[in-house]
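S.K.: Following this note's numbering, the numbering of the sequence shown begins with 34 at its first residue and continues without gaps. Quick reminder that beta carbons are idealized off the backbone N, C-alpha and C, glycines included.
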Amino acid sequence: MKLYTRFDPTEFALRFANGTSVNAYDIINLEPLSPSPIYGENIEGANRYKSLIIMYQQDVEPLAQKLAEDMKNGLQENRKIFPGFNQVLKTDIEIDMVSFNRYKAEDIYDVYTHHGSPEKVFPLIILPKVNRSIYDSIYYKAKAIFLANDIPSQVITEDLIRDSNRYRWSLLSISIQIFAKMGGVPYALDRSMIRVGDPSDTSIAIMGLGISIHPIHKKRGVGFVTVFDHNGVWNFMDANVMSMNRQEDMSEKIASLLERSINKILSKSSKRNNILVIHYSGKEVGRREEEAIKNAMESADSINKFASIYVLKIRDSDIVIGYQDGPHKTKNGTFTWYPPIGTVFQLKPDVYAMITTGYFDLGLNKVKANIHRGLPTVKIIARHREIEPLNDDLSVSNIDLLATVFGMSRLNYVAISNPVSKEPVTIRYSKEIAWITLRLSENGIDLNRLSRIRYVMWFL
Numbered sequence: 034m035k036l037y038t039r040f041d042p043t044e045f046a047l048r049f050a051n052g053t054s055v056n057a058y059d060i061i062n063l064e065p066l067s068p069s070p071i072y073g074e075n076i077e078g079a080n081r082y083k084s085l086i087i088m089y090q091q092d093v094e095p096l097a098q099k100l101a102e103d104m105k106n107g108l109q110e111n112r113k114i115f116p117g118f119n120q121v122l123k124t125d126i127e128i129d130m131v132s133f134n135r136y137k138a139e140d141i142y143d144v145y146t147h148h149g150s151p152e153k154v155f156p157l158i159i160l161p162k163v164n165r166s167i168y169d170s171i172y173y174k175a176k177a178i179f180l181a182n183d184i185p186s187q188v189i190t191e192d193l194i195r196d197s198n199r200y201r202w203s204l205l206s207i208s209i210q211i212f213a214k215m216g217g218v219p220y221a222l223d224r225s226m227i228r229v230g231d232p233s234d235t236s237i238a239i240m241g242l243g244i245s246i247h248p249i250h251k252k253r254g255v256g257f258v259t260v261f262d263h264n265g266v267w268n269f270m271d272a273n274v275m276s277m278n279r280q281e282d283m284s285e286k287i288a289s290l291l292e293r294s295i296n297k298i299l300s301k302s303s304k305r306n307n308i309l310v311i312h313y314s315g316k317e318v319g320r321r322e323e324e325a326i327k328n329a330m331e332s333a334d335s336i337n338k339f340a341s342i343y344v345l346k347i348r349d350s351d352i353v354i355g356y357q358d359g360p361h362k363t364k365n366g367t368f369t370w371y372p373p374i375g376t377v378f379q380l381k382p383d384v385y386a387m388i389t390t391g392y393f394d395l396g397l398n399k400v401k402a403n404i405h406r407g408l409p410t411v412k413i414i415a416r417h418r419e420i421e422p423l424n425d426d427l428s429v430s431n432i433d434l435l436a437t438v439f440g441m442s443r444l445n446y447v448a449i450s451n452p453v454s455k456e457p458v459t460i461r462y463s464k465e466i467a468w469i470t471l472r473l474s475e476n477g478i479d480l481n482r483l484s485r486i487r488y489v490m491w492f493l
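Printed below as a string of structure tokens:
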């Protein structure tokens, strides 16, 4: 194993409306990048909403009142942490409250529809904490019934509001997630993840491609894609439900998914050169699923319309890397041996280990860590040349391809206090997308027939 390169988080600064910063918290001063989708097809953004309605069961009304007050006026004890929803996001949205009688998805949705036009009212639902791995929980049922009607929603748990320390540091992140679900773009990378000779004539798309198995019915699954631009700006998502016990069905459905997504990307591009970088996760992709992806790449007719296509498989690793001379210390002054985030080692040709948790230096002697317990995590990233189309007109380097993984790890709107996530957002939300898609399909709802939610980040 030899040192290959190191990506510095400060070189992947975030772009806001009024400047750049390494720290996502500076959205408070620099304002969100855009109130509307940059790539949405006539999709209105946050400006279409007139109110945000906090929905709660009657016996937790005090929690709802606290949340409403803080969302309106910010944290009175420290407005620097959170000055209020409208103050941060430069919106003009009323914040209201309405109660429901029981934790049943149909009842919650009925109450919502009786309190304003769905096109103008965003639902923020207070629910009890449940394990998100419980597929049949009220969390997924509530999300599904709103999404079935083309409406994204936000859930906040009762225990989070009761935990004063976690709660106060969560308000900004929750507000950013709501803003993104409304169609806004909170921030993006200031730099292109791939350096090309002529940026004015080159378009770059970063795609997350995955297959996820139904958590209960193992013979059913879903294939999905998420698409971002070279700065990490959300473009769209797509999905196909498929049979997991038929190789040909998986290959056919993934090929169809790729065809639709590729044609959509190319239809929006006016550039002469088009680059596609595909990330896919090794978490749930076994040999059969990987073969289906390979078959789909070979049979998708439109794939050769790109000047270059690159495929990266990203998976977890049990490798542990320590750094004896690392500057990070615990509160009592003990050196942690945490390695620097963004360090990449080459394991063999086209196979790399990237450190995604450890310490980072934001300048001015501010050395922090994105790990609070346990061992640093390492991702294995393998370039799969054998399933890449033969055309490689632009010859993008492996360093630039690895930069797409690191760059997409900088854009987690759910955990804005973490400067680098353990995995890129191209694959991070795969389970959320897959499980909701499967729940909708069980109720006869085809996600592709819905017009709005494919262009907003509803899964945050």
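Report the option in H148, A175, K153, P151 whose CA atom is closest to the CA atom of R135.
M.R.: Taking the sequence shown and counting its residues from 1, one reaches residue 135 at position 102. When only C-alpha atoms are compared, the closest one is A175.
S.K.: With DSSP as the reference, please indicate the residues paired to I326 in a beta bridge.
M.R.: For the purposes of this step, residue 326 is taken as the residue at position 293 of the sequence shown. In DSSP, I326 forms no bridge with anything.
S.K.: Give the secondary structure of Q109 by DSSP, where H, G and I count as helix, E and B as strand, and everything else as coil.
M.R.: In the sequence shown, residue 109 corresponds to position 76, counting from 1. In the three-state reduction of the DSSP assignment, Q109 falls in the coil class, being assigned neither a helical nor a strand state.
S.K.: Please give the ranges of any alpha helix (DSSP H) in the segment 299 to 374, keeping only runs that are unbroken, at least 4 residues long and fully inside the region.
M.R.: 320 to 332
S.K.: Identify the continuous beta strand (DSSP E) that holds R48 and give its terminal residues.
M.R.: Working through the sequence shown from its first residue, we reach residue 48 at position 15. Where R48 is concerned, the enclosing beta strand (DSSP E) stretches over 47 to 49.
S.K.: To the nearest whole angstrom, what separates the beta carbons of V258 and L345, a pair I think is in contact under 8 Å?
M.R.: Within the sequence shown, residue 258 is the residue found at index 225, counting from 1. Within the sequence shown, residue 345 is the residue found at index 312, counting from 1. About 14 Å; that fails the 8 Å criterion.
S.K.: Give me the residue from G265, I295, A101 with the minimum Cα distance to I71.
M.R.: Position 38 of the sequence shown, counting from 1, holds the residue named residue 71. The residue among G265, I295, A101 with its C-alpha nearest the C-alpha of I71 is G265.
S.K.: Name the two residues that bound the continuous beta strand (DSSP E) containing V266.
M.R.: Counting from one through the sequence shown, the residue named residue 266 turns up at place 233. Counting along the chain, V266 falls outside any beta strand (DSSP E), and DSSP gives it neither H nor E.
S.K.: Determine whether the Cβ of T146 lies closer than 8 Å to any Cβ atom of chain B.
M.R.: No chain B appears in the structure shown, which is made up of a single protein chain.
S.K.: Could you give the distance in angstroms between the alpha-carbon of D479 and the alpha-carbon of W468?
M.R.: Sequence index remark: in the sequence shown, residue 479 carries index 446 (1-based). Sequence index remark: in the sequence shown, residue 468 carries index 435 (1-based). Taking the straight line from one Cα to the other gives about 13 Å.
S.K.: With respect to 7 Å, is the separation between the Cβ of H417 and the closest non-hydrogen atom of the ligand MG below this value?
M.R.: The ligand MG is not part of this structure, which contains no ligands at all.
S.K.: Could you tell me which of S303, I114, I167, G256 sits nearest to S206, measuring between CA atoms?
M.R.: Within the sequence shown, numbered from 1, the residue matching residue 206 stands at position 173. By alpha-carbon distance to S206, the top candidate from S303, I114, I167, G256 is I114.
S.K.: Along the chain, where does the alpha helix (DSSP H) that runs through R472 open and close?
M.R.: Here residue 472 corresponds to residue number 439 of the sequence shown, with the count starting at 1. For R472, the uninterrupted alpha helix (DSSP H) run begins and ends at 463 to 475, by DSSP.
S.K.: Kindly list the residues whose CB is nearer than 7 Å to the CB of L10, restricted to its own chain and excluding five residues on each side of it in sequence; keep chain order.
M.R.: The question about residue 10 has no answer, for the chain in this structure spans 34 to 493.
S.K.: Can you tell me the Cβ-Cβ gap for H263 and I227, rounded? I've got them flagged as a contact below 8 Å.
M.R.: On the sequence shown, position 230 is the one that residue 263 refers to. On the sequence shown, position 194 is the one that residue 227 refers to. H263 to I227, Cβ: 6 Å. Contact.
S.K.: Kindly indicate which three-state DSSP category M240 falls into: helix, strand or coil?
M.R.: For the purposes of this step, residue 240 is taken as the residue at position 207 of the sequence shown. Note: M240 maps to strand in three-state DSSP.
S.K.: Taking the alpha-carbon positions, what's the G216 to V489 distance?
M.R.: On the sequence shown, residue 216 is found 183 positions in, with the first residue counted as 1. On the sequence shown, residue 489 is found 456 positions in, with the first residue counted as 1. Their backbone Cα atoms lie some 5 Å apart in a straight line.
S.K.: Can you list the alpha helix (DSSP H) stretches of 4 or more residues lying completely in the segment 62 to 116, in chain order?
M.R.: As summarised for the segment 62 to 116, the continuous alpha helix (DSSP H) elements at least 4 residues long and confined to that stretch are 94 to 106, given in chain order.
S.K.: Cutting at 7 Å between CB atoms, please list the residues of its own chain near S54, excluding the five before and the five after it.
M.R.: In the sequence shown, counting from the first residue as 1, residue 54 sits at position 21. Contacts found: A46, L47, L63.
S.K.: Is the separation between the beta-carbon of I414 and that of I209 shorter than 8 Å?
M.R.: As a first step, residue 414 must be located in the sequence shown, where it is residue number 381. As a first step, residue 209 must be located in the sequence shown, where it is residue number 176. Going by C-beta atoms, I414 is not nearer than 8 Å to I209.
S.K.: Pick out whichever of I184, P156, G52 has its Cα sitting closest to the Cα of I76.
M.R.: As a working note, residue 76 is residue 43 in the sequence shown. Comparing Cα-Cα distances from I76 to each of I184, P156, G52, the minimum goes to I184.
S.K.: Please report the straight-line C-alpha distance between N111 and D129, rounded to a whole angstrom.
M.R.: Taking the first residue of the sequence shown as 1, we reach residue 111 at position 78. Taking the first residue of the sequence shown as 1, we reach residue 129 at position 96. C-alpha separation (whole angstroms): 23 Å.
S.K.: Below 8 Å, how does it come out for the segment 370 to 387 and the segment 328 to 341: are there three or more Cβ pairs, yes or no?
M.R.: no
S.K.: Does the segment 186 to 203 come close enough to the segment 237 to 257 that 3 or more CB-CB pairs lie under 8 Å?
M.R.: Flag = no, the segment 237 to 257 and the segment 186 to 203 do not touch.
S.K.: Give me whichever residues DSSP pairs with D394 in a beta bridge.
M.R.: As a position in the sequence shown, residue 394 is number 361, starting the count at 1. Note: D394 sits in a beta bridge opposite V400.
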